[in-house]
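There are 6 protein chains.
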Amino acid sequence: MSNKVAVYRKEHFNAAHRLYNPLWDMAKNDAVFGKCNNPNYHGHNYDLVVKLVGEPDPQTGYVMDLKILSDIIKEKVTDKFDHKNLNKDCEEFKTLNPTAENIAIVIYNLLRPAIDVSLYLQVRLYETERNFVEYPVE
Amino acid sequence: MSNKVAVYRKEHFNAAHRLYNPLWDMAKNDAVFGKCNNPNYHGHNYDLVVKLVGEPDPQTGYVMDLKILSDIIKEKVTDKFDHKNLNKDCEEFKTLNPTAENIAIVIYNLLRPAIDVSLYLQVRLYETERNFVEYPVE
Amino acid sequence: MSNKVAVYRKEHFNAAHRLYNPLWDMAKNDAVFGKCNNPNYHGHNYDLVVKLVGEPDPQTGYVMDLKILSDIIKEKVTDKFDHKNLNKDCEEFKTLNPTAENIAIVIYNLLRPAIDVSLYLQVRLYETERNFVEYPVE
Amino acid sequence: MSNKVAVYRKEHFNAAHRLYNPLWDMAKNDAVFGKCNNPNYHGHNYDLVVKLVGEPDPQTGYVMDLKILSDIIKEKVTDKFDHKNLNKDCEEFKTLNPTAENIAIVIYNLLRPAIDVSLYLQVRLYETERNFVEYPVE
Amino acid sequence: MSNKVAVYRKEHFNAAHRLYNPLWDMAKNDAVFGKCNNPNYHGHNYDLVVKLVGEPDPQTGYVMDLKILSDIIKEKVTDKFDHKNLNKDCEEFKTLNPTAENIAIVIYNLLRPAIDVSLYLQVRLYETERNFVEYPVE
Amino acid sequence: MSNKVAVYRKEHFNAAHRLYNPLWDMAKNDAVFGKCNNPNYHGHNYDLVVKLVGEPDPQTGYVMDLKILSDIIKEKVTDKFDHKNLNKDCEEFKTLNPTAENIAIVIYNLLRPAIDVSLYLQVRLYETERNFVEYPVE
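Residue numbers (the working numbering), protein chains in the order written: chain P, 1 to 138; chain B, 1001 to 1138; chain U, 2001 to 2138; chain C, 3001 to 3138; chain L, 4001 to 4138; chain W, 5001 to 5138.
Below is the structure:
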C-alpha cells in the first residue's frame, strides 16, 4: 500500500447555457435536448470538486496546500465561467455543446497544465444536486 | 395558543437572468450590478420553499395535502420559469429586474390566488445556497 | 429589544407509518391519501428541530445546555418513535392520523412539560427534505 | 487515458422494512438486528444515486441523457419501492433480508438489463445520511 | 401587508474556543460545561446567516446588495474570528463565555452599526449542523 | 464480477488544531501555513466517513453491522479526538502536523487493527465542507 492521499477542494460558479447541436435543425434539437434547448438560455449553480492524488510532503503534511489549489481553480476556471453565458462568452464552447460531460472535460484540460505532473487529477461537476459527472474515469 | 401549523414544500427550477436597470447606461449598470449585468446572461438553480399556515383539517390531519401544493407550484411557477431566461421568456420580468427579491414577490403573487384565502402564504427563494430571500415579512 | 436568544437542537428518528381515516372506506382513503395509505405501511427518516427561546443565563451564557435538551428529546420523543411503526407501536397515534402536522403537535405536547415554562418552545419536523412542518405558529 | 466520463443521477423513495432472518428465532433476531427487527416495521427515506460510465456521444455530448436515465430508474425501481413495505409488498424481498446491501444489489439487478451493455453501472444507496452502501465494487 | 422582503447571506469561519466561568473552580466548570471545558480548547466550523428586512429599492430591486453585505460581514466579523482562538485572540471574549448564544449577540453588536438603521437585523449562528442559535428574537 | 459491497458510516468530532513545522522558524511557518499557524489554535467540525468493502454475510445480509462499526469508530477515534486540542491533547500529533492528510492516516491506523482483515478499509475526512481528504488511495 502506497502512502498516497486524495485531497479535494470544492468551488462553484453560476452560468447560463443552452444545449444544442448546430448541425441539426430546431426540431431535432428539441427532440433530443428538450427544454435544455431554449434559445434564450437557462442556467445553473455549478459545484466543482477537484481531486488530486499524491504523497503528502513530509515537511508540511500537505499533498498540496488547498488554498493554492483554490487560487488555481479560481484563476483557470471560475473567473472564466462565473456569471457567464457558456455558449456565447466562453471560447471553449463556441463549437462544443456545454453538457456537464463536456464542461468537466474542458475544466480538466484547463487545470491539468497548472497542476504538478506528479499529481493525479480528477474533476467532479454538479450541474444540479441530482445530476453530476466525473472525469476522467480510470 | 391557536392550533395552527405551518407546512412547507420545497421545489426548484433552473433559469438564466441578467440584472440591470434599462433607465441607466451600461457604466452605471456595471457599477451597481457588476458581473450580474452580463448582457449574455448567467444562471442559477433556484430552490423555492413555499410556506402555508393554517389549522389541520380534523378529518385528514393535513393543513393542505402537500402533493396538491406541489402540483399548484408546478402549474403556477416552475412550469413557467424552469429552463427559461427570466428576462426574455417571462412576461413578469419584461420591465422588472429579476433580483431574488423581485422573483420572490412575483412568485407570491402567482401563488396567492391559487391558495385558499384562509391560509397564510410565504415564499422563500434560494438564488444560491448562500443568498436567499423571503416574502412577505410581517 | 429584549436579550432573548433562540436555541435549536436537531435530532432524528426513523419510523413507519400509514395515513388513513378509519371512519372512511378504502376508496375514499385512497382518493385522499393515495400511496400514503398503503395498508402495509411505508416509512421515513424524520429530522426534528426543537427551538427554545429565552434569556441566556448570565453565569453560563446558555439559554439551555443543548446536551441536556438533546437528552430530554431522546427520552421523551426519539426513544419512543425511533424504529417504530407509529400507527401500531405508538399510543399517541392509535386514533390520530400520523401526518407530519399531527406528529409535530404530539411531539410538542410530549416535550412541553419537560421544558422550563419560562422558555418558548416550537418544533419543526422534516418528513422528507422537501416536506416539513412547524408547530406552534404564533 | 480514455475519454470516459461518469454520469450520476440521484433519485429517492420512502419505504418501510424490517430486518430479520426467518430461520432464526426472535431472540437471535433481536440479538443480531436489535430495533431494526421491529415486527411492525420501521422506515426510511432512501436516496439512490445511479452511476454510469461511458464515452460521451460526439453528437450530443451526453454519456446518456439523464432525463432518460431518470425515467428508467422511475420505471424499474422507484415506482416499485416508493411508499411500499419492502418485506410485504415487494417480490424481491419475500425471502431476502432488506438490508441496504441487499437492496442495492436488487436495484442493480433491476437496472442492469435496462441500461446499454456498453455502460458500466454502479448504485449507491443511502439508508440514512450516515449509513450508505455501494454496489458493485471492483 | 407591507412590501418588506427579508434577505439572507451565509458566511462561515473556523475557530477554537473553551467554555468556562472563571469565577467557578474546575470541578464546577467540568460539571456544567463537560468536555467543552477542555483547557486546551476545541473548535468548530461556524456557519453564520445574516438576515436583513427592508423594502426593495425600486431602482435596483435590492433590499441590499448581498455582495456589499458579504463584504461588511467579512470586515466586521469573519476577518476577526476566522482561524482564531475566541477566548485568547478576541477582545470580545476576554471576559465573556463564548457560547453560541454569546457569540451571536457579539456578532449582532459588531454588525448593527454597519447596517443602515432602516433595516431590521438578525443573526443565526450554527456551531454545528445540530446546534444553532438566533438573535435577536422578537 | 464479485459480489462485494462497500458500506459507509459517517461520524463527526469537533477539535482544535494548529498547523506548523517545529523545525522551521515562525516566519517560515507563517509563509507556509498562514492563518492556520495561529499559536493559539483554531478549530473545526470534522466529518469522518469510514468505508469498508466485503461480501455480505448470507445469513444477515450485512457486510458489517454499521451499529458495531459506529461503536468501533467511537471507541478508537471520536472519543480520543472529540472536543480535544489535537496538538496538545493527542499523543498522535505531538510530533506530527495535524493536516487533514495526516489526521486521515492516523485514523486509518487506529481503525485498521479493529476491523476484520478480510475487509478493505478507507477513510474520508472533511475538515470543512469544501476541504476534504481520503486515505488510502489504490
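Each residue gets a CB set at the ideal place from its N, CA and C atoms; glycine is no exception. Predicted, not measured: the structure shown is a model, and the values here were computed from it.
Beta-carbon within less than 8 Å of residue 1003 (chain B)'s beta-carbon, same chain only, minus the 5 sequence neighbours each way: which residues are those? If you number the second sequence from 1, residue 1003 (chain B) lands on position 3. So the qualifying residues of the chain are 1055 and 1056.
Could you check the C-alpha separation between residue 4064 (chain L) and residue 39 (chain P) for me, to the nearest Å? Your numbering for residue 4064 (chain L) matches position 64 in the fifth sequence. Your numbering for residue 39 (chain P) matches position 39 in the first sequence. If I take the Cα positions, the gap works out to 32 Å.
Taking the alpha carbon of residue 5109 (chain W) as the reference point, which residue from W:5050, W:5058, W:5059 and W:5005 has its own alpha carbon closest? Within the sixth sequence, numbered from 1, the residue matching residue 5109 (chain W) stands at position 109. Measuring from the Cα of residue 5109 (chain W), the nearest candidate turns out to be W:5050.
Answer with yes or no whether the minimum CB distance from residue 2061 (chain U) to chain C is below 9 Å. Residue numbering aside, residue 2061 (chain U) sits at position 61 when the third sequence is read from its first letter. No - not a single Cβ of chain C is within 9 Å of the one on residue 2061 (chain U).
Does the beta-carbon of residue 122 (chain P) have 16 or more other beta-carbons within 10 angstroms, so that it is buried, or is it exposed? Translated into the one-based positions of the first sequence, residue 122 (chain P) becomes position 122. Its Cβ being crowded by 16 or more others within 10 Å, residue 122 (chain P) is buried.
Report all residues from its chain with a CB closer than 8 Å to the CB of residue 73 (chain P); omit the five preceding and five following residues, and keep chain order. As a working mapping, residue 73 (chain P) is identified with position 73 in the first sequence. Result list for residue 73 (chain P): 9, 11, 48, 50 and 111, in chain order.
Shorter than 9 Å from the beta carbon of residue 5006 (chain W) to some beta carbon of chain P? Within the sixth sequence, numbered from 1, the residue matching residue 5006 (chain W) stands at position 6. So, not an interface residue.
Spatial distance of residue 1037 (chain B) from residue 1103 (chain B) (CA atoms): Here the question's residue 1037 (chain B) lines up with position 37 in the second sequence. Here the question's residue 1103 (chain B) lines up with position 103 in the second sequence. Cα to Cα, residue 1037 (chain B) sits roughly 16 Å from residue 1103 (chain B).
Report yes if the C-beta distance between residue 4133 (chain L) and residue 4092 (chain L) is below 9 Å; otherwise report no. Residue mapping note: residue 4133 (chain L) aligns to position 133 of the fifth sequence, counting from 1. Residue mapping note: residue 4092 (chain L) aligns to position 92 of the fifth sequence, counting from 1. Cβ atoms of residue 4133 (chain L) and residue 4092 (chain L): not closer than 9 Å.
Does the beta-carbon of residue 1029 (chain B), which I'm using as the reference point, lie nearer than 8 Å to any heavy atom of the ligand MG? For the ligand MG, the structure offers nothing, since it holds no ligand at all.
Hey, how far is the Cα of residue 1060 (chain B) from the Cα of residue 2035 (chain U)? Stepping through the second sequence from its first residue, residue 1060 (chain B) is reached at position 60. Stepping through the third sequence from its first residue, residue 2035 (chain U) is reached at position 35. Approximately 15 Å, taken between the alpha carbons.
For residue 43 (chain P), which residues of its own chain have a beta-carbon under 8 Å away from its beta-carbon, when the five flanking residues on both sides are left out? Translated into positions along the first sequence, residue 43 (chain P) becomes position 43. Once the five neighbours on either side are set aside, the close Cβ partners of residue 43 (chain P) are 14, 15, 16 and 17.
Sub-9 Å separation of residue 1137 (chain B) and residue 4053 (chain L) beta-carbons: Counting from one through the second sequence, the residue named residue 1137 (chain B) turns up at place 137. Counting from one through the fifth sequence, the residue named residue 4053 (chain L) turns up at place 53. The answer is yes: Cβ separation under 9 Å.
Residue 3095 (chain C) burial status per 10 Å Cβ neighbour count (16 or more: buried): Counting from one through the fourth sequence, the residue named residue 3095 (chain C) turns up at place 95. Exposed.
Quick one, which residues of the region 21-48 of chain P are near chain B if we go by CB-CB under 7 Å, in chain order? 35, 36, 38, 40, 41, 42, 43, 44 and 45
Ends of the beta strand (DSSP E) at residue 1114 (chain B)? For the purposes of this step, residue 1114 (chain B) is taken as the residue at position 114 of the second sequence. Careful: residue 1114 (chain B) lies outside any beta strand (DSSP E) and carries neither H nor E.
DSSP three-state call for residue 1057 (chain B): helix, strand or coil? Taking the second sequence and counting its residues from 1, the one referred to as residue 1057 (chain B) is at position 57. Reduced to three states, the DSSP call for residue 1057 (chain B) is coil.
Cβ-based neighbour list, residue 1005 (chain B), same chain, cut-off 8 Å, excluding 5 preceding and 5 following: Against the second sequence, residue 1005 (chain B) aligns to sequence position 5. Result list for residue 1005 (chain B): 1053, 1054, 1055, 1056 and 1063, in chain order.
Can you tell me whether residue 4127 (chain L) is buried or exposed, with buried defined as 16 or more other CB within 10 angstroms of its CB? Within the fifth sequence, numbered from 1, the residue matching residue 4127 (chain L) stands at position 127. By the 10 Å Cβ count, residue 4127 (chain L) comes out buried.
Kindly say whether residue 2 (chain P), judged by its beta-carbon, lies nearer than 9 Å to any beta-carbon of chain W. Stepping through the first sequence from its first residue, residue 2 (chain P) is reached at position 2. Chain W contact via Cβ: present.
Report the start-end ranges of each alpha helix (DSSP H) in the region 4012-4087 of chain L that is 4 residues or longer and not cut off at the edges. 4026-4033 and 4066-4073
Residue 3069 (chain C) vs residue 3117 (chain C) beta-carbon contact at 9 Å: For the purposes of this step, residue 3069 (chain C) is identified with residue 69 of the fourth sequence, where counting begins at 1. For the purposes of this step, residue 3117 (chain C) is identified with residue 117 of the fourth sequence, where counting begins at 1. Contact: no.
Which residue comes first and which comes last in the beta strand (DSSP E) that contains residue 2140 (chain U)? This structure cannot speak to residue 2140 (chain U), because chain U is shown only from 2001 to 2138.
Check distances from the C-beta atoms of the region 2088-2107 of chain U to those of chain C and list, in chain order, the residues that come in under 8 Å. 2088 and 2089
Pull up the distance between the alpha-carbon of residue 4135 (chain L) and that of residue 3090 (chain C), whole angstroms please. On the fifth sequence, residue 4135 (chain L) is found 135 positions in, with the first residue counted as 1. On the fourth sequence, residue 3090 (chain C) is found 90 positions in, with the first residue counted as 1. Spanning the two alpha carbons is a distance of roughly 49 Å.
Whose Cβ in chain U lies nearer than 7 Å to the Cβ of residue 4130 (chain L)? Residue 4130 (chain L) sits at position 130 when you count from the first residue of the fifth sequence. Chain U residues near residue 4130 (chain L): 2009 and 2010.
Applying the 10 Å Cβ sphere with the 16-neighbour rule, what's the burial state of residue 1028 (chain B)? In the second sequence, counting from the first residue as 1, residue 1028 (chain B) sits at position 28. Flag for residue 1028 (chain B) reads exposed.
Would you mind sorting residue 1022 (chain B) into buried or exposed? The rule is 16 or more other CB atoms within 10 Å of its CB. Your numbering for residue 1022 (chain B) matches position 22 in the second sequence. Exposed is the call here.
Using a C-beta to C-beta distance shorter than 7 Å, which residues of chain C count as neighbours of residue 5066 (chain W)? The residue you call residue 5066 (chain W) lines up with position 66 of the sixth sequence. Correct list: 3131.
For residue 4123 (chain L) and chain B, any beta-carbon pair shorter than 9 Å? Residue numbering aside, residue 4123 (chain L) sits at position 123 when the fifth sequence is read from its first letter. No, its Cβ sits nowhere closer than 9 Å to a Cβ of chain B.
For chain B, check one thing: does any of its Cβ atoms lie closer than 9 Å to the Cβ of residue 2052 (chain U)? Numbered from its first residue, the third sequence carries residue 2052 (chain U) at position 52. Not an interface residue.
Alpha carbons only, please: which of C:3080, C:3075, C:3066 and C:3024 is nearest the one belonging to residue 130 (chain P)? Indexing the first sequence from 1 puts residue 130 (chain P) at position 130. Considering only alpha carbons, the answer is C:3066.
Under the three-state DSSP convention, the category residue 4110 (chain L) falls into: In the fifth sequence, residue 4110 (chain L) corresponds to position 110, counting from 1. In the structure shown, residue 4110 (chain L) sits in a helix (DSSP, three-state: H, G or I).
Report the residue from W:5019, W:5026 and W:5041 whose alpha carbon sits nearest the alpha carbon of residue 4084 (chain L). Position 84 of the fifth sequence holds residue 4084 (chain L). The residue with the shortest Cα to Cα distance from residue 4084 (chain L) is W:5041.
Given that a residue counts as buried once 16 or more other Cβ atoms are within 10 Å of its Cβ, and exposed if not, what is residue 2098 (chain U)? Taking the first residue of the third sequence as position 1, residue 2098 (chain U) is located at position 98. Under this definition residue 2098 (chain U) is a buried residue.
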